[in-house]
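In the numbering used here, the protein residues as written are 13 to 366.
We put the CB at the ideal spot given by N, CA and C, even for glycine.
Keep in mind the model is a prediction, meaning the values are calculated, not measured.
Notes follow once the structure below has been shown.
So, in structure tokens, the structure goes:
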């Protein structure tokens, strides 16, 4: 049996998200044949790939067809996040993909979603950073459990780190009770500093937690760096859905790929009677996503443990990985990572790093 024949067999296996075969995507590596035994590595485009087991099963089926028995096949399924770039826009050196989390209005739990998505990504083995771009209302440090000032090294900021996440926020640079009363140009300046004057190091993902609305911060991020995609967080309420549509259209106007819509505070399960209640209506996020022709990523319920974890600096995905809500966050995170991989592969443009 030859390595070439193995490649020919695996060239019939497609990545379901990318709709291209594994061999042409250069995902099949380190093929070794020792008698009847075969080992190889499949390098997916994200360690958070939701279809990892499906792809592995399809590979084994293809290899069975050319004579290898399943018990003699060893496939190392791994992931390598590919850098996203667009022509004429400088990226961040060492940062592969930047994903913005947005909401049309405040109070929908956008920061909670951002923090838990970042942690869920990190738990897959990815290197993750979190940038709090809500300069006047920073909440990331509270949820991350550390509000102490960062260290400075050669005029550069060393990001804070907890739960495997590097993060920066105005909340660790000014006292918690001191308001940040700044005009647009100053907001623009500090966000650009957070991007370029923070020692992020090597990151697979940089999650940007945007402030509510479609103002200066959103414009700065969209213009300053190439975004692999934007995620919109909403609740089922009509007013939130109306504003979320504005966020979707903002990303479209700025030519940022839209990874999908997350419906937060979607429903409540009574802990005593187990009855489900749609407190803020039902299904609005999915309807809005359908109307706007963007993916619907999932529903996050109203859960006291989410609020307790956020307030105490112990996010639920970090301290209780087996909680049903943690599993919801992981499922949504996998879809976000997969969609960002698709936009990256489809872009097929060189990255220009600064």
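Check	Outcome
Give me the DSSP bridge partner(s) of residue 280.	289 and 314
Going by other Cβ atoms of all chains shown within 10 Å of its Cβ, with 16 needed for buried, is residue 21 buried or exposed?	buried
Going along the chain, which unbroken runs of the beta strand (DSSP E) with 3 or more residues stay wholly within the region 208-269?	215-221 and 241-246
Check whether the Cβ atoms of residue 57 and residue 97 lie closer than 8 Å to each other.	no
Touching or not, the region 339-350 and the region 295-312, by the rule of three or more beta carbon pairs under 8 Å?	yes
Find the nearest neighbour of residue 130 within the set 176, 95, 15 and 167, judged by alpha-carbon distance.	176
Which complete beta strand (DSSP E) runs does the region 151-189 hold, if anything under 3 residues is left out?	163-165, 168-170, 172-174 and 177-180
When the cut-off is 8 Å and only beta carbons count, does residue 182 lie next to chain B?	Judged by its chain identifiers, the structure shown contains no chain B, having just a single protein chain.
Flag this pair as yes or no: are the beta carbons of residue 273 and residue 306 separated by less than 8 Å?	yes
Quick check: the Cα distance between residue 293 and residue 18, rounded to an integer number of angstroms?	53 Å
Report yes if the C-beta distance between residue 136 and residue 88 is below 8 Å; otherwise report no.	no
Is residue 144 closer than 8 Å to residue 180 when the C-beta atoms are compared?	yes
Is the CB-CB distance between residue 72 and residue 82 below 8 Å?	yes
Given this structure, state the Cα-to-Cα distance separating residue 244 from residue 26, to the nearest angstrom.	29 Å
Quick check for students: name the residue ranges of the alpha helix (DSSP H) that lie wholly in the region 64-89, counting only runs of 4 or more.	64-76
Could you tell me which residues DSSP pairs with residue 38 in its beta bridges?	Partner(s): none; residue 38 has no beta bridge.
I want to know whether the region 252-270 touches the region 217-232 - three or more CB-CB distances under 8 Å.	yes
Less than 8 Å separating the beta-carbons of residue 141 and residue 159?	no
Assign residue 286 to one of two classes, buried (16 or more other C-beta atoms within 10 Å of its C-beta) or exposed (fewer than that).	exposed
Whose CA, out of 112, 302 and 125, lies closest to the CA of residue 319?	125
For residue 228, does the count of other Cβ atoms within 10 angstroms reach 16, so buried, or fall short, so exposed?	buried
What does the alpha-carbon distance come out to for the pair residue 74 and residue 67?	11 Å
Considering just the uninterrupted stretch of the beta strand (DSSP E) at residue 109, what are its terminal residues?	107-114
Helix, strand or coil: which one does DSSP assign to residue 104?	coil
Tell me whether residue 161 is buried or exposed, calling it buried when 16 or more other Cβ atoms sit within 10 Å of its Cβ.	exposed
Taking 7 Å as the limit between beta carbons, can you name the residues of its chain near residue 262, skipping five residues before and five after?	226 and 230
Considering only their Cβ atoms, is the gap separating residue 355 from residue 236 smaller than 8 Å?	no
Would you say the beta carbon of residue 73 comes nearer than 7 Å to a heavy atom of the ligand ZN?	You won't find the ligand ZN in this model; it holds no ligand whatsoever.
If I follow the unbroken alpha helix (DSSP H) through residue 141, where does it start and stop?	Premise fails: residue 141 lies in the beta strand (DSSP E), 140-144, not in any alpha helix (DSSP H).
How many angstroms separate the CA atom of residue 359 from the CA atom of residue 95?	10 Å
Check the DSSP bridge columns for residue 51 and list the partner residues they point to.	44 and 86
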